[in-house]
Amino acid sequence: MDEKLLTLKKWIDESDNIVFFGGAGVSTESGIPDFRSTDGLYSQKYKYPPETIVSHTFLTRRTEEFFEFYKEKMVAPALAARPNAAHLKLAEWEKAGKLKAVITQNIDGLHQAAGSKEVLELHGTIMKNYCDRCGKKFPVEYVTESAGVPKCECGGTVRPDVVLYEEGLDMGVMERAINYISNADVLIIGGTSLVVYPAAGLIRYYRGNKLVLLNLSETSQDSNADLVIHAKLGEVLSQL
Ligand code: CNA
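Numbers 2 to 241, taken from the working numbering, label the letters of the sequence shown in order.
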């Protein structure tokens with residue numbers, strides 16, 4: 002085990018107040034492409050960039066194209082995926098009383114599938130859907146089994162309970178995330194490029210001296226971390 006890993010192991014072993022904050026890179030080892038890696042969705046060729054498609058304007062103005070992309074590129078890979086070593090290790094730490102919460106920008110439900118209980122989904126989840134007219138709730142299967150745009154019996158569109166670009170985050174979830182981060186002993190940030198705000202801004206609420214950045218590529222926050230490891234999350238966490 003190299004020196005950085007030994008430091009991380011020591012911090013983990015000694016703490017019962019770890020908080021994990023992650024993004025799409027947590028799920029790439031489960032086969033779900035992220036946005037910004039070289040084989041991520043931004044590198045694939047579409048008529049529009051993903052952040053244009055996954056936006057409120059696109060959902061309302063080009064609803065059919067939205068659902069075509071959303072179902073094929075976001076829902077199908079997530080439903081086919083299984084939790085990887087990173088999801089499983091975080092769930093194990095929570096069960097052992099060491100980890101307080103997982104705060105995620107992911108919408109794939111894999112932390113819950115791994116057994117994590119306290120999961121704060123900043124950007125919502127594909128698992129929950131609701132009618133934009135009457136508010137009726139629908140499971141993800143309703144969306145996948147509907148041809149084209151999923152419709153409610155009232156005539157409304159059944160949309161994902163996901164925070165799209167141009168939409169605001171749930172303030173209750175944000176407040177809970179801030180509370181966990183500002184009280185954390187060890188904060189591990191992993192699998193996120195830290196460019197999507199306001200989620201990326203959460204890092205500034207951390208007040209401790211064990212900020213771990215565990216990401217495949219460099220981030221703008223590397224210089225603010227106490228420990229930086231550029232490697233695959235699942236490969237690192239499974240060694241701990
Ligand atoms: P991003 O901007 O695509 O960044 C991902 C980061 O993870 C990059 O810096 C990669 O280098 C890094 N990375 C990739 N694989 C690994 C790995 N195995 N181990 C460690 N690091 C890795 O994604 P962000 O989460 O930062 O951006 C936020 C968006 C992406 C959120 O709104 C998400 O909802 C959205 N998204 C979510 C999913 C999902 O739910 N699985 C998939 C794709 C996009």
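We treat Cβ as the ideally placed atom computed from N, Cα and C, and that holds for glycine.
Best match in the options for proximity to residue i [C-alpha to C-alpha]
{"i": "residue 119", "options": "181, 231, 209", "result": "181"}
{"i": "residue 9", "options": "213, 225, 231, 218", "result": "213"}
{"i": "residue 27", "options": "203, 241, 194, 95", "result": "194"}
{"i": "residue 37", "options": "217, 161, 226, 162", "result": "217"}
{"i": "residue 22", "options": "123, 7, 5, 104", "result": "104"}
{"i": "residue 94", "options": "151, 234, 16, 237", "result": "16"}
{"i": "residue 162", "options": "185, 116, 124", "result": "124"}
{"i": "residue 130", "options": "153, 149, 111, 117", "result": "153"}
{"i": "residue 68", "options": "150, 229, 226", "result": "150"}
{"i": "residue 64", "options": "176, 122, 160, 81", "result": "160"}
Any non-hydrogen atom of the ligand CNA within 7 Å of residue i CB
{"i": "residue 197", "result": "yes"}
{"i": "residue 194", "result": "yes"}
{"i": "residue 26", "result": "yes"}
{"i": "residue 30", "result": "yes"}
{"i": "residue 37", "result": "yes"}
{"i": "residue 108", "result": "yes"}
{"i": "residue 19", "result": "no"}
{"i": "residue 214", "result": "no"}
{"i": "residue 124", "result": "yes"}
{"i": "residue 169", "result": "no"}
{"i": "residue 86", "result": "no"}
{"i": "residue 226", "result": "no"}
{"i": "residue 79", "result": "yes"}
{"i": "residue 191", "result": "yes"}
{"i": "residue 218", "result": "yes"}
{"i": "residue 202", "result": "no"}
C-beta contact flag for residue i and residue j at 8 Å
{"i": "residue 144", "j": "residue 55", "result": "no"}
{"i": "residue 200", "j": "residue 106", "result": "yes"}
{"i": "residue 168", "j": "residue 57", "result": "yes"}
{"i": "residue 235", "j": "residue 25", "result": "no"}
{"i": "residue 203", "j": "residue 90", "result": "no"}
Alpha-carbon to alpha-carbon, residue j and residue i
{"i": "residue 51", "j": "residue 20", "result": "29 Å"}
{"i": "residue 48", "j": "residue 97", "result": "47 Å"}
{"i": "residue 108", "j": "residue 11", "result": "31 Å"}
{"i": "residue 135", "j": "residue 157", "result": "7 Å"}
{"i": "residue 59", "j": "residue 53", "result": "7 Å"}
{"i": "residue 206", "j": "residue 188", "result": "11 Å"}
{"i": "residue 4", "j": "residue 171", "result": "39 Å"}
{"i": "residue 31", "j": "residue 110", "result": "12 Å"}
{"i": "residue 192", "j": "residue 186", "result": "20 Å"}
{"i": "residue 198", "j": "residue 34", "result": "20 Å"}
{"i": "residue 210", "j": "residue 190", "result": "13 Å"}
{"i": "residue 223", "j": "residue 147", "result": "44 Å"}
Backbone secondary structure at residue i - three-state DSSP
{"i": "residue 119", "result": "coil"}
{"i": "residue 55", "result": "coil"}
{"i": "residue 26", "result": "helix"}
{"i": "residue 191", "result": "strand"}
{"i": "residue 9", "result": "helix"}
{"i": "residue 96", "result": "helix"}
{"i": "residue 33", "result": "coil"}
{"i": "residue 205", "result": "helix"}
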